[in-house]
Each structure stands twice: as C-alpha cells, then as structure tokens.
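Student:
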Amino acid sequence: MSSKAFFVLMYITIITIGAIYVPQPLLPEISRYFDCNMNTVSLIISVALLPLAIIPIVYGYILSFFTPKRLILISLIILVFVNLFISISQSIYLIIFLRLIEGFLISAVLTSNMTYISLSVETDKVALYMSYYIAVTIMGGFSGRLISGIIAYYSSWRFSFYFVTLSFIIGALLALYLVEDIKNVVGPDVVKHESLFKGYLSVVKNKLYFFVYMAVFCMFFVFAALTNFLPFRIESIDKSSSEITIGLAYSGYLMGIFVSFLATKFVKIFGNQIKAMIFGFFVYISAILILNIPNIYIVFGGMFIFCGGMFLIHSVASGFLNKLAKDKKGIVNGIYIASYYSGGVIGSYAPGFVYKQFGWYFFSALLIFILLIGLASIFQFRKNSY
-2 MSSKAFFVLM YITIITIGAI YVPQPLLPEI SRYFDCNMNT VSLIISVALL
48 PLAIIPIVYG YILSFFTPKR LILISLIILV FVNLFISISQ SIYLIIFLRL
98 IEGFLISAVL TSNMTYISLS VETDKVALYM SYYIAVTIMG GFSGRLISGI
148 IAYYSSWRFS FYFVTLSFII GALLALYLVE DIKNVVGPDV VKHESLFKGY
198 LSVVKNKLYF FVYMAVFCMF FVFAALTNFL PFRIESIDKS SSEITIGLAY
248 SGYLMGIFVS FLATKFVKIF GNQIKAMIFG FFVYISAILI LNIPNIYIVF
298 GGMFIFCGGM FLIHSVASGF LNKLAKDKKG IVNGIYIASY YSGGVIGSYA
348 PGFVYKQFGW YFFSALLIFI LLIGLASIFQ FRKNSY
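Its first residue numbered -2, the sequence shown is counted upward by one per residue in my numbering.
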C-alpha cells in the first residue's frame, strides 16, 4: 500500500467515525431544541450504530466480488447529501431516520477500509497496521465530539453537521485520485461455490473467533452506554456544563491513541494477546468504579483510564483476529465490526432505561456485569486455544 493511499484511508476513517459521534456532546441541547426526552434523543446515536451491527456481514461478502475503493467512493458521495439534509432538518424523527441511512453508508466505508488494509500489507505487518487503524478511529471519535462541541458552543448544533458535510466532500475527492484499486484475494470464482450462510457459519463456528466476537460485543456495549449517557451524567454533577465542557470530557480518547500505537508492545509485556486482553478488562472495570465518584475532575481523569482499558482490548483483539484469518478476510472483518457495533446499538440505548429509573449507580453496576461476561469469554478463549 502506498503512503498516500494509507493516509487517505486514515483521513476517511477519522471523518466517518467522527460523523457517528458528532451529535453525542450535543444530545442535551438537541433534546431541549426538539423538546424530547433522553431516550428519544439517544436514538440519534443508536440508529447510526444499528446498520454497523448488521450490514458489515453483507458488505464483507460483497467485497468478495467488488473492490473496496468502489464501495468507499459511492458511500462517501451519498454521505455528503445525507449530512446536508440532517443539518437543515426541522424534525427529530427525520434526523433519526437520516442517521439510520448514514449508519448503512459508514458501515460500508469502515468494512472496506479494514479489508483494504488487510489485503494490502504483508501478513506479519497486519497487526501493526490494524493498531494504527484503531488509533485513527480513536482520533475520529474524539475529534468528532470535541469539534462539534466547540462549533455548537459558538454557533449552533446545525453547523456541526455542515462541517461533517464538507469533510465528506474532501474525503471523496482524495479517495478518487489518491487511492489505487485492489482486488480481493477471494474472488467470485471461489466464493460462488460457497453459500453466503455457509461462509458466515464457518467463521462463527470457529471457537477462537466466536469468543473474540463475544468479548468485543460486551466491550463496546459498555463503552457506548457510558459515553452516550456521559453528557447527562456531567450535567447532573454540574448544571452549568457547556457543550465544550462535555466535549472535553471525551479527552480520555487520547489515552486510547497511546495504547493503540503501543498495542504490540503491551502484548510482548504480558506474553500473549489473551493476557493483554484480560488486563484490559480489569482496567476497564476499575475505571467504571472510579467514574461513580460525583466529581467533574475525577470523571475527566477516570475517562482516561476507561478509554485506555477499552482500546487495549480493541487493538489487541482486532489485530489478533486478522492474524488468525488466513482466508475470508472480508467476512471475518465484517463479523468483527458487526459484533462490535451490535454491542454499541444495545448499549447506547437500553441502559438508558436503567439510568432513568434507578440512577447512575445501578447503571454502572449493569455495565460491570456486562464486562464480567466479556472477561469470561476471554478465559474461554484461553481454554480453547491452549
């Protein structure tokens, strides 16, 4: 892969991930603007994650026939118009519907990006490149939240979506001229002899894959839950919190970048990927306990620990999975993304009912319980691999 293509793919990853989370620090403001409750406005995030939980599996199969670049280009062009319509919409329900469409398109981009990388680099460097990729997704998540918070503070939440629209225009132009086309190693001649269902089933039935997928589901369930309802938690602690304050609360993402770039070193320190992921889960659980303290500064600090634990698991798991995959890389990555975001879909919405009815402490207890399930999956992974 050329350096130009790599940097373009990284830019596209940043803006697509950023687009998912741009509304997150704005949720309280949007809720007040449209006069809707916390659970309704949280759907702006949840519905965008929903297609990412389902469609990557299909896109993974489609990538066995079509090139990643083609899917990236088409998706980016449509994303330009979708975000333009969001920015001028006068209905919360229309915004939710457009965000659902946006999720389908972002799913295509992310699956194509991961597959492009796994097909364009040497096998022994896949884990390293995936660590870089994960680090860039973190930059996207953080920058999307922070920039939208700043823009909304000085103007309006609608201008945040204008900014996203412009970013996608630039991304489409860069992809068109600087990303070379590549072909999937598993072409139509191979795939046509295997049904879609059998292709997926052969991957999921692999116990090593299955336990990684389960752990990743639990991991992102918790992450989506906490980050989606964090703005409301901050407002409950400090009523004077602004969009910038909420956006800065996600600064813990920066720890995720650090952890992702050093993921391979963490694996060496702990001896193998499994031990590194187990450590990540313990850090993750500890962070949630810290975030129970009702102090805005402790919440800011706790987010660094929280993000560090989550992205250690994420970086190690994705790199290890791509290293294990000898074929069907599009399908393997598609199911990985589907597992990741299916946890996000449920986590970004369902725990809100617990938070609303019983408060933050019951909410955090639920998250710890889910993480214990993820940790148990990693122990099962170790049991079946040694």
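All residues carry an ideal CB built from backbone N, CA and C; glycine is no exception.
All of these numbers come straight from a predicted model, not from anything done at the bench.
Have a look at L372, I328 and F355 and flag the residue whose alpha-carbon is nearest the alpha-carbon of F62.
Tutor: Ranking L372, I328 and F355 by Cα distance to F62 puts I328 first.
Student: Between which two residues does the alpha helix (DSSP H) carrying V77 extend?
Tutor: Here the alpha helix (DSSP H) through V77 covers P65 to I85.
Student: Helix, strand or coil, according to DSSP, for A335 in the structure here?
Tutor: Helix at A335.
Student: Jot down the residue ranges of each uninterrupted beta strand (DSSP E) in the stretch 99 to 163, minimum 3 residues, whole runs only, in chain order.
Tutor: Counting whole runs of 3 or more residues, the stretch 99 to 163 contains no beta strand (DSSP E) stretch at all.
Student: Residue range of the alpha helix (DSSP H) that Q354 falls in?
Tutor: P348 to F355 is the extent of the alpha helix (DSSP H) around Q354.
Student: I'd like the list of long-range same chain contacts for F229, defined as Cβ closer than 7 angstroms, with 5 residues on each side in sequence excluded.
Tutor: Contacts found: P25 and M35.
Student: Do I147 and I83 have their beta-carbon atoms positioned less than 7 angstroms apart in this structure?
Tutor: In this structure, I147 does not lie closer than 7 angstroms to I83 by Cβ.
Student: Quick one, which of V296, M216 and N292 has its alpha-carbon nearest A344's?
Tutor: Contrary to the premise, residue 344 reads as Gly rather than Ala in this sequence. It is M216 whose Cα lies nearest to the Cα of G344.
Student: Using only CA atoms, which one of L116, I131 and I166 lies nearest to E177?
Tutor: Of L116, I131 and I166, the residue nearest in Cα terms is L116.
Student: In terms of residue numbering, what span does the alpha helix (DSSP H) encompassing S18 cover?
Tutor: Going by the sequence as given, residue 18 is Tyr instead of Ser. Unbroken alpha helix (DSSP H) run through Y18: S0 to Y18.
Student: Using 10 angstroms around the beta-carbon of I103, count the other beta-carbons present and answer buried if the total reaches 16, otherwise exposed.
Tutor: By the neighbour-count rule (16 or more Cβ atoms within 10 Å), I103 is buried.
Student: Compute the Euclidean distance between the alpha carbons of V296 and S248, then round it to the nearest angstrom.
Tutor: Straight-line Cα distance between these residues: approximately 11 angstroms.
Student: Hey, V161 and V19: beta-carbon distance below 7 angstroms or not?
Tutor: Yes, they are a contact pair.
Student: Buried or exposed for A16, please, with buried defined as at least 16 other CB atoms from any protein chain shown within 10 angstroms of its CB.
Tutor: By the neighbour-count rule (16 or more Cβ atoms within 10 Å), A16 is buried.
Student: Counting C-beta neighbours from all protein chains within 10 Å, is the total for I266 16 or more, i.e. buried, or is it exposed?
Tutor: Result: exposed.
Student: For the candidate residues V219, I243, F214 and L227, whose alpha-carbon lies nearest to that of A314?
Tutor: Ranking the options by Cα distance to A314, first place goes to F214.
Student: State the Cα-Cα distance for the pair F156 and G141, rounded to the nearest angstrom.
Tutor: If I take the Cα positions, the gap works out to 13 angstroms.
Student: Could you pull the start and end residues of the alpha helix (DSSP H) that S233 belongs to?
Tutor: Taken as a continuous stretch (DSSP letters only), the alpha helix (DSSP H) holding S233 covers K204 to I234.
Student: Leaving out five residues before and five after F158 in sequence, what residues of the same chain have Cβ atoms less than 6 angstroms from its Cβ?
Tutor: Closer than 6 angstroms at the Cβ level, and outside the excluded window around F158, lie N80, I83 and S84.
Student: Helix, strand or coil for F378 per DSSP?
Tutor: If DSSP states are grouped into helix, strand and coil, F378 belongs with the helices.
Student: At what residues does the alpha helix (DSSP H) containing C304 begin and finish?
Tutor: Counting along the chain, the alpha helix (DSSP H) containing C304 begins and ends at I293 to L321.
Student: Tell me the rounded alpha-carbon separation between I98 and I14.
Tutor: So the two alpha carbons sit approximately 15 angstroms from each other.
Student: Exposed or buried, F384, counting other C-beta atoms within 10 Å across all chains shown (16 or more means buried)?
Tutor: Because residue 384 is not part of the residues shown, which for the chain are -2 to 383, the question remains open.
Student: Would you decide whether Y126 is buried or exposed? Buried here means 16 or more other CB atoms lie within 10 Å of its CB.
Tutor: Burial call: buried.
Student: Between the C-alpha atoms of V55 and P65, what's the straight-line distance to the nearest angstrom?
Tutor: Distance between the alpha carbons of V55 and P65 is about 13 angstroms.
Student: Have a look at S28 and I179 and give me their C-alpha separation to the nearest angstrom.
Tutor: Spanning the two alpha carbons is a distance of roughly 44 angstroms.
Student: Measure the alpha-carbon distance for D186 versus S152 and round it to whole angstroms.
Tutor: Only weak support is given to the placement of D186: the predicted model assigns it a pLDDT of 41, under 50, and the value that follows is read from those uncertain coordinates. Computed Cα separation, rounded: 54 angstroms.
Student: Of the choices Y130, V209 and L286, whose alpha-carbon is the least far from that of Q377?
Tutor: Checked all of Y130, V209 and L286; the closest Cα to Q377 is V209.
Student: Could you check the C-alpha separation between F218 and Y338 for me, to the nearest Å?
Tutor: Distance between the alpha carbons of F218 and Y338: 8 angstroms.
Student: Please classify R67 as buried or exposed, where buried requires at least 16 other C-beta atoms within 10 Å of its C-beta.
Tutor: Exposed is the call here.
Student: Shortest alpha-carbon distance to M274 belongs to which of A362, S257, Q354 and L288?
Tutor: Of A362, S257, Q354 and L288, the residue nearest in Cα terms is S257.
Student: How long is the line joining the alpha carbons of I75 and P291, rounded to whole angstroms?
Tutor: For I75 and P291, the distance between alpha carbons rounds to 43 angstroms.
Student: Using only the alpha-carbon positions, how far apart do I332 and F359 sit?
Tutor: Cα to Cα, the separation comes out at about 31 angstroms.
Student: Is G253 buried or exposed, if buried means 16 or more other CB atoms sit within 10 Å of its CB?
Tutor: Buried, by the Cβ-count rule.
Student: Suppose you measure from the CA of S109 to the CA of K236; what does that come to, to the nearest Å?
Tutor: Spanning the two alpha carbons is a distance of roughly 42 angstroms.
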